[in-house]
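Numbering (my numbering), first residue to last: 137 to 472.
For every residue, glycine included, the Cβ atom is placed at its ideal position computed from N, Cα and C.
All values reported here derive from a predicted model rather than from experimental measurement.
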């Protein structure tokens, strides 16, 4: 049903461009192939070892039949993933990126690879720029503009003074990580192909424990060990279940509307309340969750107070509504 959505939905959204598919050549113009082979569509997930990349790959496998091939690159941490072709590639190595993409010719790219720890980006700003901006440029420079390119950005491109941000609101990144992501957004827009920039909220879910640890992995590890955790009461996000992120991104990849999209969960919540919901559902003592203010926890990167996102445009475009925190935590409970 998603692909057949009426385009009238889309034209109401600001900044959306709907491109109609290129008509196929008439049959007569094609040379007859004695054994017609179904062509294979290749889908590339960059940073497949990361929290989002790995969860996307595990979620997407169920969506694809034999006409689709899922490919993914890793940079530092080798991994194997059933049903996916995984290969090493450093996106900052331009010639290597070109060589691989010229051979791979993906039809869809989910660009999730990033240097995303804000404090590390403050310590190594040149490397953050190389990975987040130049890595993105290296990919774009070898892609045909018809390739469906989904760039994963962040709610942190905003300064957090207002909250409930829409796609048209003024950006004002507070730290190096957010700065590099915004700069990369500009490079994607300048590429001017079949792109969608998706700014995602803080995501939760379980990572590939061998490679990437998530906020939830950290939380449950501490609570399991009866260790108290201090969580911010003054930082608000629209926390997003990572499986919901994967579903919404998959649906958007099947459409050809371009522009910026916000993707957050259904509820604005601080980390302290999130922790209490998690502890309550899993039966951990609530007094292990301790309230703390952002100013009381040392960090190199400046933190924004309220980067909650309004996701109506994404919901209207894809027909998919992400869930609230309690529903999301219940969905993933049986998996552990």
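The alpha-carbon separation between residue 437 and residue 175 amounts to approximately 47 Å. With 16 or more neighbouring CB atoms inside 10 Å of its own CB, residue 182 falls in the buried class.
Contact between residue 337 and residue 445 is confirmed by a C-beta separation of about 5 Å, below the 8 Å threshold. Shortest Cα-Cα distance from residue 232 to any of 309, 460, 211 involves 211.
Rounded to whole angstroms, residue 186 and residue 271 show a C-alpha spacing of 15 Å. By the criterion of at least three beta-carbon pairs nearer than 8 Å, the segment 284–295 is in contact with the segment 330–344.
By the CB criterion at 9 Å, residue 228 and residue 267 fall inside the cutoff. Scanning the segment 329–370 for uninterrupted alpha helix (DSSP H) segments of 4 residues or longer gives 351–360, listed from N- to C-terminal end.
Closest in C-alpha terms to residue 365, from the list 224, 352, 241, 222, comes 352. Membership of residue 425 in the beta strand (DSSP E) is indicated by the continuous run 425–428.
Judged by DSSP in its simplified three-state form, residue 301 adopts strand. As computed with DSSP, residue 442 is found in a beta bridge with 372. Going by DSSP, residue 209 is part of the beta strand (DSSP E) stretching over 204–210. When 199, 200, 276 are compared, the shortest CA-CA separation from residue 234 is found for 276. Around the Cβ of residue 190, a 10 Å sphere holds 16 or more other Cβ atoms; the residue is buried. For residue 259, the CB contacts under 8 Å within the same chain, skipping 5 residues up- and downstream, are 436 in chain order.
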